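Colleague: Here it is, the structure, as structure tokens.
Protein chains: 2
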Amino acid sequence: MKILLIGGTGTIGSKVAERLDADHQLIIAGRSSGDVQVDITKPDSIQKLFEETGNIDAVIVTAGSAPVKPLADSTNEDFIQGIKSKMMGQINVALTALDYLNEGGSVTLTSGILSDDPIPQGTILSTINGAVNGFVTGAYGEFLQKGFRINAVSPALVEDSADALGDFFPGHTPAQMEHVVDGYEKSLKTLITGQIINIS
Amino acid sequence: MKILLIGGTGTIGSKVAERLDADHQLIIAGRSSGDVQVDITKPDSIQKLFEETGNIDAVIVTAGSAPVKPLADSTNEDFIQGIKSKMMGQINVALTALDYLNEGGSVTLTSGILSDDPIPQGTILSTINGAVNGFVTGAYGEFLQKGFRINAVSPALVEDSADALGDFFPGHTPAQMEHVVDGYEKSLKTLITGQIINIS
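Residue numbers (this note's numbering), protein chains in the order written: chain U, 1431 to 1630; chain V, 1431 to 1630.
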């Protein structure tokens, strides 16, 4: 398969790349690293990326961020920052992929545990992860009509981030990275669709 | 209680108003009707609304919309339209309310069944309802720290909309409006928080 992996140099993406690299034609997109560059906050940049890659069999997105800050200090602009990146960045990749997927193609997005299991200062990510999950639930039927699939992997705090982020996630048991990568492989290689693949 | 009901002249809001009017000081906000005017797509307009009402005991939002259209025709701009209205419109009301709620105050937002039970052409609403639910889940802890509560009512297609919208919801059993109004009253008068109150 020819697979576009957006965010393939990040914490999770680099491990997904390791798993898939041997058996697939992997194109790694990053903001400033990887094989091709993309700024997912800009729909034009996403369009240009797909024009560069041409038709593909699958897209996986492990990119996108959102501010982590106290709710009382969070403004409309803070939410918009996360919306442009992890929410609409991923959604615009999925919308653009509709024109570039080969028959049987799939899209795999990334949400996260905070939509269901909140932490202090994490409301913007809770919101955006909920939006990504809602998008997958809403979109899979119209993906199906074109012969495509779409899922989201929703990981817990991953063990590779536990040193850096663990203090924000008190009492959260980190997910093993191998299990998280399993989620992406399951979305890619089984025939499931419309699923939120929770990895805890 | 002094209750601000944003969207109180709409299909659901007007029935919530009927239920609450006799026993409470109800301030109905609408875009062009009601006691006070607000454009929830504009954070400044929301700020001005709360300056007008002063401190309140509860806010209920039954306002906000999003485009309904085929996924393949949906653009970033279509999503942004829904984000500004039903998503950030409601979220900005909740954020602003943090400065205007009396002790024990509550916020009740409106999401909807499409985050979990999708229809063709409904992906933008699925996304936005998921975001609103994620916000409530993420935010309730920091509301709690201030002595406030926050919930969302997530109604199915309501019977009062079934004639106009039923064709978009094939096989969906409309919810009785009395049951939907019960959801808002439950959020307002019990002590639950962080809940998505599903009304089917």
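Yeah, the Cβ is synthetic: ideal placement off N, Cα and C, and Gly gets one too.
For clarity, every value in this text was computed on a predicted model and none was experimentally measured.
For V1588/U, list the residues DSSP reports as bridge partners.
Modeller: Answer is A1605/U, bridged to V1588/U.
Colleague: What's the C-alpha gap between H1609/U and A1586/U?
Modeller: One C-alpha to the other measures close to 10 Å.
Colleague: Is the region 1470–1477 of chain U touching the region 1507–1524 of chain U, taking contact as three or more C-beta pairs under 8 Å?
Modeller: Yes, they touch.
Colleague: Taking all protein chains shown into account, do 16 or more other C-beta atoms lie within 10 angstroms of the C-beta of P1548/V, making it buried, or fewer, making it exposed?
Modeller: Buried.
Colleague: Can you list, in chain order, the residues of its chain with a C-beta nearer than 6 Å to that of L1539/U? Leave out the 5 residues immediately preceding and following it.
Modeller: Taken in chain order, the residues that qualify are V1491, Q1520, V1562, A1582.
Colleague: Could you tell me the distance, in whole angstroms, from the CA atom of K1514/V to the CA atom of L1479/V?
Modeller: Between K1514/V and L1479/V, the C-alpha separation is close to 17 Å.
Colleague: Is there at least one Cβ from chain U nearer than 8 Å to D1597/V's Cβ?
Modeller: No, D1597/V does not count as interfacial toward chain U.
Colleague: Buried or exposed: where does P1604/U fall if 16 or more other Cβ atoms within 10 Å of its Cβ makes it buried?
Modeller: So P1604/U ends up on the buried side.
Colleague: Any C-beta of chain A sitting closer than 8 Å to the C-beta of L1528/U?
Modeller: Among the chains of the structure shown, chain A does not appear; the protein chains present are U and V.
Colleague: Counting contacts by CB-CB distance shorter than 8 Å, is D1469/U in contact with chain V?
Modeller: Not an interface residue.
Colleague: What is the DSSP secondary structure of K1432/U, counted as helix, strand or coil?
Modeller: Looking at K1432/U - three-state DSSP - the assignment turns out to be strand.
Colleague: Mind pulling the alpha helix (DSSP H) runs of 4 or more residues that sit fully within the region 1496–1528 of chain V?
Modeller: If we require 4 residues or more, the alpha helix (DSSP H) runs fully inside the region 1496–1528 of chain V come out as 1506–1512, 1518–1527.
Colleague: Could you tell me which residues DSSP puts in a beta bridge with A1459/V?
Modeller: Looking at the DSSP assignment, A1459/V forms a beta bridge with I1436/V, V1466/V.
Colleague: Counting only C-beta atoms, is T1589/V closer than 8 Å to chain U at any point?
Modeller: With the sequence shown as reference, residue 1589/V is identified as Glu, and Thr is not the correct amino acid for it. For E1589/V, the answer is no, since every Cβ of chain U falls outside 8 Å of its Cβ.
Colleague: Unbroken alpha helix (DSSP H) runs of length 4 or more, entirely within the region 1530–1578 of chain U: which are they?
Modeller: You should have 1553–1574.
Colleague: Does any residue of chain U bring its CB to less than 8 Å from the CB of G1494/V?
Modeller: No, no contact with chain U.
Colleague: With H, G and I counted as helix, E and B as strand and the rest as coil, what does DSSP make of A1447/U?
Modeller: The answer is helix: DSSP assigns A1447/U an H, G or I state.
Colleague: If you measure from the CB of F1599/U, is any heavy atom of the ligand FMN nearer than 7 Å?
Modeller: The ligand content of the structure shown is nil, which means the ligand FMN is not present either.
Colleague: What in chain U is Cβ-close to S1556/V, meaning under 8 Å?
Modeller: Ordered by position in chain U, the residues that pass the 8 Å Cβ test against S1556/V are G1564, F1565, T1567, G1568, A1569.
Colleague: Kindly list, in the order they appear in chain V, the residues whose Cβ is closer than 8 Å to that of G1552/U.
Modeller: Residues of chain V passing the Cβ test: G1568.
Colleague: Quick one: using the 10 Å Cβ neighbour count with 16 as the cut-off for buried, is Q1575/V buried or exposed?
Modeller: So Q1575/V counts as exposed.
Colleague: Give the residues from the region 1452–1476 of chain U that approach chain V closer than 8 Å (Cβ to any Cβ), ordered along the chain.
Modeller: Those would be P1473, in chain order.
Colleague: What does DSSP give as the partner residues of A1488/U in its beta bridges?
Modeller: DSSP, once it has assigned bridges, lists I1433/U, S1536/U as partnering A1488/U.
Colleague: Is the beta carbon of I1457/V closer than 8 Å to that of T1439/V?
Modeller: Not a contact, by the Cβ cut-off of 8 Å.
Colleague: Between which two residues does the beta strand (DSSP E) harbouring I1629/V extend?
Modeller: Taken as a continuous stretch (DSSP letters only), the beta strand (DSSP E) holding I1629/V covers 1626–1629.
Colleague: Quick one: residues in its chain with C-beta nearer than 6 Å to the C-beta of Q1625/V, no 5 flanking neighbours on either side, listed in chain order?
Modeller: So the qualifying residues of the chain are N1581.
Colleague: Which residue wins for smallest C-alpha separation from R1461/U, given the options V1446/U, G1437/U, F1573/U?
Modeller: For the residues V1446/U, G1437/U, F1573/U, the minimum Cα distance to R1461/U belongs to G1437/U.
Colleague: Helix or strand or just coil, what does DSSP make of A1582/V?
Modeller: Strand, per DSSP.
Colleague: Within 10 angstroms of the Cβ of N1532/V, are there 16 or more other Cβ atoms? Answer buried if so, exposed if not.
Modeller: With fewer than 16 other Cβ atoms within 10 Å, it is exposed.
Colleague: I'd like to know whether the C-beta atoms of V1537/U and I1442/U end up nearer to each other than 8 Å.
Modeller: Cβ atoms of V1537/U and I1442/U: not closer than 8 Å.
Colleague: Closer than 7 Å by beta-carbon distance: list the chain V residues that pair up with L1501/U, in chain order.
Modeller: Ordered by position in chain V, the residues that pass the 7 Å Cβ test against L1501/U are A1569, E1572.
Colleague: Taking Cβ-Cβ distances below 8 Å as the criterion, which residues of the region 1506–1523 of chain U are in contact with chain V?
Modeller: Here the close residues are N1506, F1509, I1510, I1513, M1517, M1518, I1521, N1522.
Colleague: At the 8 Å Cβ level, is G1542/U part of the contact set with chain V, yes or no?
Modeller: Not an interface residue.
Colleague: Determine whether the beta carbon atoms of G1552/U and V1489/U lie at a separation below 8 Å.
Modeller: In this structure, V1489/U does not lie closer than 8 Å to G1552/U by Cβ.
Colleague: What did DSSP end up calling I1476/U once you bin it into helix, strand or coil?
Modeller: Three-state DSSP puts I1476/U in a helix.
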